[in-house]
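Residue numbers (full-length UniProt numbering): 1 to 471.
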């Protein structure tokens with residue numbers, strides 16, 4: 001197929017077209033009985049689909065259906081969305097934000113250059129230094145990283161950790177524990193970097209060397225983690241010998257790539273277990289692989305999701321070789337699996353202090369637990385942490401370990417054990433994913449309720465036992 005030269009790839013043409021034809025956003029709560037319909041019409045540009053999807057998922061909205069068309073100079077999207085309870089979006093502040101973010105006054109970034117300091121959505125967590133860490137995963141590694149930061153008097157105010165195929169990617173936001181300002185002392189940063197490199201070296205025969213980098217700007221955490229693991233080629237190889245496949249056979253992702261001869265597209269078809277942010281994860285990976293989505297259809301059928309993307313490479317070519325197709329399938333499969341976690345879900349709410357993350361991860365390590373995924377955030381003076389853990393062999397955690405954790409973490413806490421359905425027949429429908437998905441907004445709601453009921457900021461530790469995968 002010949003190279004496609006479209007005028008909307010010219011930045012000057014894009015800016016002129018945007019001024020002449022500003023984006024139009026409509027939010028319809030009357031046409032559908034069980035969801036809100038968000039329509040976006042805009043001048044087309046590279047990466048615009050990812051930006052729209054990111055804005056919706058950042059608001060914790062569930063995309064149940066979507067129809068995408070951007071063949072030519074115009075971009076038209078229709079999204080069927082619900083809130084976390086599976087209801088229509090009726091909150092006026094949320095609706096106003098969507099209209100402003102996607103409308104003519106929204107600040108749209110160039111997603112092709114989304115790298116440190118540039119992202120799909122800017123998440124400001126205050127003054128901080130962003131640390132990005134990628135390397136080989138092993139039990140206790142997060143504890144070692146946290147200990148280095150605590151010993152050097154850095155306060156962790158937010159963090160996100162993913163593990164996949166034996167690799168670990170972290171984005172950690174820190175500031176000085178006395179000034180609460182970003183750390184600009186290069187000597188101090190160099191000391192931190194050297195110490196982190198020492199613990200990332202791992203096995204001598206490891207071909208992939210761990211890396212640490214710093215950024216004074218802002219980056220979207222989920223996008224950055226995808227980029228880091230993609231650049232680290234986590235989609236290759238089989239990972240650790242004891243790594244568990246989180247998908248039961250009936251939910252294994254099925255990904256195919258065919259050629260649409262009539263229109264000259266490659267058609268990527270994905271069918272897998274449905275979950276929140278699934279569309280973002282796939283579109284993010286397609287964008288980072290330099291593919292342009294011209295058309296797409298997204299739908300949910302009970303616990304399953306079906307997604308179909310009509311794509312070309314940015315140079316206008318389709319995926320013609322078996323090698324290209326195989327690599328794209330591996331990368332999409334990895335993007336789907338990175339966010340999946342199983343085992344114990346630990347939720348910890350406590351008054352923030354320097355070394356809190358180091359203390360908690362040390363306790364987890366000493367009890368033989370391995371963190372497969374983690375999220376840390378700070379609201380005011382309160383730290384809210386979520387950990388997904390397994391034992392060092394990848395198995396479920398013994399009840400005796402849970403009791404030992406409870407005793408060591410503290411006695412002034414709420415301790416709850418909840419079993420999650422494990423058989424495929426008991427998998428909740430799409431709307432029910434809100435109950436098990438990984439959102440700090442829900443955690444904060446529960447936390448504030450507990451504080452109101454108890455009248456203090458004592459340590460709260462809530463444990464949910466989950467044998468099936470959390471998505």
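For each residue, glycine too, the CB sits at the ideal point set by N, CA and C.
Assigned exposure category for residue i - 16 Cβ within 10 Å defines buried
{"i": "residue 353", "result": "exposed"}
{"i": "residue 29", "result": "exposed"}
{"i": "residue 290", "result": "exposed"}
{"i": "residue 349", "result": "buried"}
{"i": "residue 300", "result": "buried"}
{"i": "residue 170", "result": "buried"}
{"i": "residue 399", "result": "exposed"}
{"i": "residue 274", "result": "buried"}
{"i": "residue 252", "result": "exposed"}
{"i": "residue 341", "result": "buried"}
{"i": "residue 392", "result": "exposed"}
{"i": "residue 479", "result": "Because the chain spans 1 through 471 in this model, residue 479 falls outside it and cannot be assessed."}
{"i": "residue 231", "result": "exposed"}
{"i": "residue 45", "result": "buried"}
{"i": "residue 307", "result": "buried"}
{"i": "residue 325", "result": "buried"}
{"i": "residue 181", "result": "exposed"}
{"i": "residue 347", "result": "buried"}
{"i": "residue 302", "result": "exposed"}
Residue i in three-state terms, based on DSSP
{"i": "residue 35", "result": "coil"}
{"i": "residue 226", "result": "helix"}
{"i": "residue 262", "result": "coil"}
{"i": "residue 186", "result": "helix"}
{"i": "residue 195", "result": "helix"}
{"i": "residue 151", "result": "helix"}
{"i": "residue 401", "result": "helix"}
{"i": "residue 143", "result": "helix"}
{"i": "residue 178", "result": "coil"}
{"i": "residue 361", "result": "helix"}
{"i": "residue 254", "result": "strand"}
{"i": "residue 45", "result": "coil"}
{"i": "residue 273", "result": "strand"}
{"i": "residue 283", "result": "helix"}
{"i": "residue 40", "result": "strand"}
{"i": "residue 211", "result": "strand"}
{"i": "residue 354", "result": "coil"}
{"i": "residue 221", "result": "helix"}
{"i": "residue 200", "result": "helix"}
{"i": "residue 88", "result": "coil"}
{"i": "residue 319", "result": "coil"}
{"i": "residue 396", "result": "coil"}
Residues that residue i bridges to, as DSSP identifies them
{"i": "residue 159", "result": "172 and 376"}
{"i": "residue 492", "result": "What the structure shows of the chain is the stretch from 1 to 471, and residue 492 is not part of that stretch, so it cannot be assessed."}
{"i": "residue 301", "result": "304"}
{"i": "residue 391", "result": "369"}
{"i": "residue 288", "result": "Paired residue(s): none; residue 288 is not in a bridge."}
{"i": "residue 311", "result": "266 and 293"}
{"i": "residue 135", "result": "168"}
Start and end residues, alpha helix (DSSP H) containing residue i
{"i": "residue 333", "result": "322 to 338"}
{"i": "residue 58", "result": "48 to 58"}
{"i": "residue 97", "result": "92 to 102"}
First and last residue of the uninterrupted beta strand (DSSP E) at residue i
{"i": "residue 76", "result": "74 to 82"}
{"i": "residue 236", "result": "Element bounds for residue 236: n/a, residue is neither H nor E."}
{"i": "residue 67", "result": "62 to 69"}
{"i": "residue 127", "result": "First-last for residue 127: undefined, no H or E at that position."}
{"i": "residue 26", "result": "24 to 28"}
Distance, residue j Cα to residue i Cα
{"i": "residue 66", "j": "residue 375", "result": "29 Å"}
{"i": "residue 369", "j": "residue 89", "result": "39 Å"}
{"i": "residue 329", "j": "residue 168", "result": "21 Å"}
{"i": "residue 313", "j": "residue 319", "result": "8 Å"}
{"i": "residue 31", "j": "residue 69", "result": "21 Å"}
{"i": "residue 48", "j": "residue 139", "result": "39 Å"}
{"i": "residue 197", "j": "residue 141", "result": "12 Å"}
{"i": "residue 309", "j": "residue 288", "result": "15 Å"}
{"i": "residue 387", "j": "residue 160", "result": "10 Å"}
{"i": "residue 263", "j": "residue 296", "result": "14 Å"}
{"i": "residue 283", "j": "residue 50", "result": "6 Å"}
{"i": "residue 85", "j": "residue 96", "result": "20 Å"}
{"i": "residue 81", "j": "residue 64", "result": "6 Å"}
{"i": "residue 322", "j": "residue 255", "result": "14 Å"}
{"i": "residue 143", "j": "residue 355", "result": "11 Å"}
{"i": "residue 351", "j": "residue 87", "result": "33 Å"}
{"i": "residue 333", "j": "residue 234", "result": "11 Å"}
Heavy atom of the ligand FMN within 7 Å of residue i beta-carbon
{"i": "residue 365", "result": "Absence of the ligand FMN is noted for the structure shown, with no ligands found whatsoever."}
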